[in-house]
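This report refers to the structure that appears directly beneath it.
Number of protein chains: 2
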Amino acid sequence: MVKKSFTKIGIAVKKIDGVELVTGKAKFTADMKFPNMLYGYACRANVAAGRIKKIDYSTALAIPGVVTILLAKDIPGPNIIGILPPFDQPLLASEEIRYEGESIALIIAKTKAVAKSAAAKIIIEIDPWNPILRVDEASKEGVRKIHPQGNVIFSKKLIKGDVKKGFEEAEVIVENTYHTGFQEHAYLEPEAVCAVPMANGRITIYASCQSPFHLRTHISANLNVPASRVEVIQAYTGGSFGGKDDVAAEIGSLASIAAVKLGKPVMIAHEREESIIGSNLRHASRIHYKTGAKKDGTIVAREIEILLDGGAYASESPFVVMKALIHAAGPYNIPHVFVKSTAVYTNKTYCGACRGFGVPQVTFASESQVDELAAALKIDPLELRYKNGLRHGDATATGQVFNQSVGLIETINKIKEKKKHSHPTEELNNSRWLYGTGFSCMLQGISNGAEGIDVVGASVQMSQDGSVLIGVGLTDMGQGSRTVFAQIVAEVLGITIDKVTVKQVDTDSVHDSGPTVASRGTTVGGMAVFKAAQEVKKSLVKMASLMFKSEEDQIILKDNFVFLKNNNLAKIPTKEVASAAYWTGFPIMDLAFSKAPEANYNHETHQGDIYIAYNFGTHMMNIRVDRYTGKVEVLQHIAAHDVGKVINLLGIEGQVEGGSLFGFGLAHMEKVIFQEGKIINANFADYAVPTVKDRIPTETILVEDYNPTGPFGAKGIGEPPVAGAAAAFANAVADATGVRFRKLPITREDILMAITN
Amino acid sequence: MVKKSFTKIGIAVKKIDGVELVTGKAKFTADMKFPNMLYGYACRANVAAGRIKKIDYSTALAIPGVVTILLAKDIPGPNIIGILPPFDQPLLASEEIRYEGESIALIIAKTKAVAKSAAAKIIIEIDPWNPILRVDEASKEGVRKIHPQGNVIFSKKLIKGDVKKGFEEAEVIVENTYHTGFQEHAYLEPEAVCAVPMANGRITIYASCQSPFHLRTHISANLNVPASRVEVIQAYTGGSFGGKDDVAAEIGSLASIAAVKLGKPVMIAHEREESIIGSNLRHASRIHYKTGAKKDGTIVAREIEILLDGGAYASESPFVVMKALIHAAGPYNIPHVFVKSTAVYTNKTYCGACRGFGVPQVTFASESQVDELAAALKIDPLELRYKNGLRHGDATATGQVFNQSVGLIETINKIKEKKKHSHPTEELNNSRWLYGTGFSCMLQGISNGAEGIDVVGASVQMSQDGSVLIGVGLTDMGQGSRTVFAQIVAEVLGITIDKVTVKQVDTDSVHDSGPTVASRGTTVGGMAVFKAAQEVKKSLVKMASLMFKSEEDQIILKDNFVFLKNNNLAKIPTKEVASAAYWTGFPIMDLAFSKAPEANYNHETHQGDIYIAYNFGTHMMNIRVDRYTGKVEVLQHIAAHDVGKVINLLGIEGQVEGGSLFGFGLAHMEKVIFQEGKIINANFADYAVPTVKDRIPTETILVEDYNPTGPFGAKGIGEPPVAGAAAAFANAVADATGVRFRKLPITREDILMAITN
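Just so you know, the protein sequences line up as chains A and B, in that order.
Per my numbering, the first sequence runs over residues 6 to 762.
Per my numbering, the second sequence runs over residues 6 to 762.
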């Protein structure tokens, strides 16, 4: 690579929508008002499993202000949503109840309060069944089938080398079972949609959502109208983390059906309890790991079995199964690997996408076992990781070889450097505080890869005044991708960022770009934006070369001007070139597509080229544990990640800090408590999510190992820190307390009970 | 051309938005409601010319419900609008008043009624000047300059051959001066805009308008924000005919400035009087024609001088000057032509685009003189036209030679055929009724041509369910272009029209496509749609060839299925192919550009290639005149036009019937009456516009002379019938009454006075 200097990327840029957001000027979906707007509220099942016998809503319908009540039979389309096959989830249950909290009827009323009080008056008689609540129970032969096709949602194997032979070669073997719990996304803004019927027979849906095109597909299908009649506009979205896909399609479809039926706007905005019980969680897991190594620390084999609790519906379980499968072996060069990954149905709130997609679960288990192996081998845990870590030209667990952008060793080296300057924690242990240090290494495949199609569309439109409007098919839910897109375009077109505006996604104006998941925003989305900007640049360069009467390769775009190379005096404002290009008929808008190279692999063994790139990371966490309370204080947390190329330093730091806290919550604080299938802590008083007071002192170190598949070499960073921080936390606790907890979360109570016993 | 069969074009298709429109479901701008919406109303000048001394709005501002009052000084930007140079029109006048009705202050209030009553309380002191009201006065040396650069807005010459030599060769010369009056567009819906400030610092403007991009340019400039922060969405528009360009930019800018200042939506909806006095009219004209011919009827020379009354501001006067210049010689093969075309300022309501852009004015004069020449030569008027009419390979007045799509002679032949079967009107003349027949031939350049850039952008987006959404940069203001675009896409993609939705224009989602004028919708807009659809087709064909394991040239798209050629059993629903293409990563959306070949001509003589095509037409009108009242009844009207290729038969018939009635209004009924610069009949009680009761029995005959620059060979038809009908009417009246009126309108009163004298 020729060293190139950049002016708009690689720097710290404040969020372009930051001011609106912090001043409260930004209107979220639930803030919207339309004349004659009505409100929807769902009446939900109060058992975890059973068969509906009778629904009587006559009393509810008679309440003044109640406009209509919808049941499953009122849905014009198939009454099905789902992101991937098997599409198995009804908008409204009509026969079988599969989890407690499932929607059965939708009340539409003039105010939300009326709708809510009416919901309480609907009489639903259900024949209850014994709910199937545990994954081992669900997996048993002869057990009741939660769905007709059985209780296995999705199951895959990964076979690299010969794991039996590998263990024969091993001199040390460690083997254990690990568990992780459910996690709630806990975004600031609960789910909300507003469906507005338009004069021209179309319907516009404003939604707090993650994947507007996914909504369009489901809404049009359930309304039974062509998708071209449905426009989904993403409103400002206060977080999603994988949580606003299925549920947004569900409430988007219901609101649309009511809106079309009544000819009036309909709002459905969830309260916190609905958000927790009525939308997907992170999969809980039971993971068995067996690792074999030579005495010198060379890992020769890993055998892993993953069992994920998918809850009542499939949602994105297949994706999570795949991600867990592929990442389970960790970022190591291991000749023999066998992984089996399975998700099963239970009678609980359904599980789906949650920041990291199964990677945090397996990374926690894998990295715990690496530490246990290090102990067995009496090798320094970080050295063990360094010895086995993937290097350029090594093969991943799927046999994929990357000759570029494998920055793991560099992240380990950065952590080693930091470790030198850390306090020797052992010496600090005293009567009250237990000090410990934990390490973790991880990798996270960028974008969809083996899981599905990866096409993103983006439009870049320059106006005659030189300002630019970007439209992308991927959403900014708070992660800052609009700012990243603005930087990319500003860099390509040599304009300042204040000239750039980035639209929220509108399905009308860009190609279906699939879901905004899997850290694909910057990489695949950014590449589409980059390509569209390049086309606009071509027109500007062509025009400027005519204006300067020079060759095109002599044209430079910089600082809102177009320059002639080596001549700072020869310059024309970009807006004049834009205007001239327009009037000359050179297009100053382009719609471009970025398509990731197709995953190419054996579907039986999952050997082959699965991802376009991986983000690699090494975390170090120094903690102290209060012997009296079990409380853990994180004294130092260093997260080193290979991001390929920094676009927005501030944005990446935000993602690393936020992701790490997400991982800390998963590892230490967050626990969804089911009692007989019912979530009994569906609120933020009883479900503890890290607040600003629980912030951990994350320090971000960035490694830039150029990724040829991303814009300017960039890779995504949205998900990776979750896994890194959670795994490092568990290892730090083990180091501090001498107790190996093979489960997440490791709560204060857990620690206190362990160290006082 | 290989004869091709079509299923979706060349047929009669009902407007795709017809049901919404006729049932009143379609919401127009003034129907819109937003929470906290405010209303704007302008206080206007009550003199035609003068200097503002003082504005006192203290009393008005104190009225309860009045929120703010804006003056010129409150405009953040340059306070200038204008479609073409010279940009000379203020949003709010601050010093000089140039026409009576010019806006000076904008009142924003909680209701329109309050705003209106407050407007009456604003005290504006003006030093009045003698208004300059006549074009000859404005043209005089030493007269007061209405604008600093003088009173000539724009003036051009066309020089073909040697007109002096031409007249030397002539054996018969006729010479006369003709006049035409102002015309109001008289759309059903007066102008309206609603500006809504958005949470993200952008502003969305819903507008009844003709050219949303034009609005965006002016609104962003006058708000002094980047254009990328401004989104203009065309609302349903109840007619425009050239009338909703300047005024929409004016009220759009004012509403936006108020909305941004107050942080609330602001509506400005004109009442009829404001619509007439405060937006552009059709130019009145004085046109001198001199035509020389051989005794055998061969026209050898024409010398023409056109003087257009532009009113107070330039608006689209330059376009109108150009169109009049280029079309003045008529659709004839004449070796020597000289034309001078000039527009001047006067202190009257400004004039601009109006259906036909100057062509109706010159066609009336030209065709009147052709009849007068026929009389002088004692040649049948239709035969004289036939003799001189342009044929394939002939040169137009600009020397442009078309070897394709010159269907004039065929339209004359169609009319000749019809004439044979007409009653011999002479025999019918009796004591009460005077019978007469008039003919006219005309041409109308399609699209912008010499007047400006001609680029249109269009997007075609197929969804996974096979339905299609079209976005085009040109507006449907009632002319039915959305239906035409839907047909084109349905034809290309082999789907039924019900699968297609056409968006109203949204500046966010498509390339700046310039104004929707000059009959460019079907031709240039349709071509962009055609090209985008072709790209989507490529992906479908590619996918289907993979699915069928066949060559791409074996794939046929038809009836919502994809077939294998010569095998009716091998078929896959288009939606399945679309879905497969999407999941395979073949784009099923495209943004395409249609750029008309650049006009290439001498700017001094206007010789060269000016237009991509012309629409040609021949009209015949049989009338009878009531001797007692002067009333004219149109007994038969046949309009034969060469449209290249019929896309929507129903739409074309609608355009021909509507355009002809528009011409009939211009020729017989419509008269804007100025008294000392003030329009005294600014309402539909006193300004007579044809109603459904005045409908003339137009019969449409279509000739299809393939145009290589249009989709499937099509050419526009929106404007041409106006000129054809108006000219034929004047000739019919002369034939019936024996009196040659060299002016339009020829009202009942005019006729009665002439025949009773």
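Here a beta-carbon is modelled for each residue, glycine too, at the ideal position from N, C-alpha and C.
Residue state for B:H293 is assigned as strand, using DSSP reduced to three classes.
Just so you know, the alpha carbons of B:L96 and B:T209 end up roughly 19 Å apart. The C-alpha of A:I85 is placed about 57 Å away from the C-alpha of A:L551. Residues of chain B with a Cβ closer than 8 Å to the Cβ of A:T222 are, in chain order, S468, Q469 and D470. About 7 Å separates the beta carbon of B:V637 from that of B:I756, a gap short enough to meet the 8 Å contact definition. Interface criterion met: the Cβ of B:F598 is under 7 Å from a Cβ in chain A. The criterion of a C-beta distance shorter than 7 Å is satisfied by A:A463 and A:V534. Along the segment 223 to 244 of chain B, the positions whose C-beta sits under 9 Å from a C-beta of chain A are S225, A226, V230, P231, A232, S233, R234, V235, E236, A240 and Y241, read in chain order. B:Y587 reaches chain A at I458, V460 and D517, counting residues in chain order whose Cβ is nearer than 8 Å.
Here B:Y391 carries a helix assignment [DSSP, helix/strand/coil].
When only Cα atoms are considered, A:A732 and A:L220 end up about 34 Å apart. Here A:V406 is exposed. Its C-beta has fewer than 16 other C-beta atoms within 10 Å.
A:A53 and A:R149 have their C-alpha atoms roughly 14 Å apart. Using a CB distance cut-off of 7 Å, B:L474 counts as an interface residue toward chain A. Using a CB distance cut-off of 7 Å, B:N565 does not count as an interface residue toward chain A. Note that the segment 133 to 150 of chain A touches the segment 49 to 63 of chain A; at least 3 beta-carbon pairs, one per stretch, sit closer than 8 Å.
Of all C-beta pairs linking the segment 233 to 245 of chain A to the segment 189 to 198 of chain A, three or more are shorter than 8 Å, placing the two stretches in contact. With a threshold of 7 Å between beta carbons, B:K504 makes contact with chain A. Listed in chain order, the non-local C-beta contacts of A:A739 below 8 Å within the same chain comprise S373, D376, G441, G443, R745 and F746, local neighbours out to five positions each way being set aside. In this chain, B:P133 is not harboured by any alpha helix (DSSP H); it is covered by the beta strand (DSSP E) spanning I128 to P133. Shortest Cα-Cα distance from B:E658 to any of B:I706, B:G718 and B:F566 involves B:I706. Using a CB distance cut-off of 7 Å, A:E321 does not count as an interface residue toward chain B. Comparing alpha-carbon positions, the option among A:I127, A:S213 and A:Y711 lying closest to A:G483 turns out to be A:S213. B:V119 sits away from B:G82, with the two beta carbons spaced by 7 Å or more. A Cβ-Cβ separation of about 48 Å leaves A:G499 out of contact with A:V342 under the 8 Å criterion. If the five residues before and after B:L330 are omitted, its C-beta is found closer than 6 Å to the C-beta atoms of K161, L163, V344 and S346, all from its own chain and listed in chain order. Cα atoms of A:A575 and B:A601: separation of roughly 32 Å, rounded to the nearest angstrom. Counting C-beta atoms within 10 angstroms of its own C-beta, B:F689 has fewer than 16 neighbours from the protein chains shown and is therefore classed as exposed. When DSSP assignments are scanned along the segment 326 to 409 of chain B, the uninterrupted stretches of beta strand (DSSP E) that are 3 or more residues long and fall wholly within it turn out to be 341 to 350. Judged by pairs of C-beta atoms under 8 Å, the segment 28 to 43 of chain B touches the segment 197 to 211 of chain B, as three or more such pairs exist. If you ignore the 5 residues before and after A:L655, its C-beta comes within less than 7 Å of the C-beta of A17, V18 and K19, all in its own chain and listed in chain order. DSSP places A:A690 in the coil class of the three-state scheme, outside both helix and strand. Between B:V546 and B:E557 the beta-carbon gap is near 5 Å, inside 8 Å, which marks them as a contact. About 6 Å separates the beta carbon of B:L666 from that of B:R700, a gap short enough to meet the 8 Å contact definition. By the Cβ criterion, the segment 308 to 324 of chain B is in contact with the segment 280 to 300 of chain B, since at least three pairs of Cβ atoms, one from each stretch, lie closer than 8 Å. When the Cα atoms are used, A:S284 and A:G106 turn out to be separated by approximately 9 Å.
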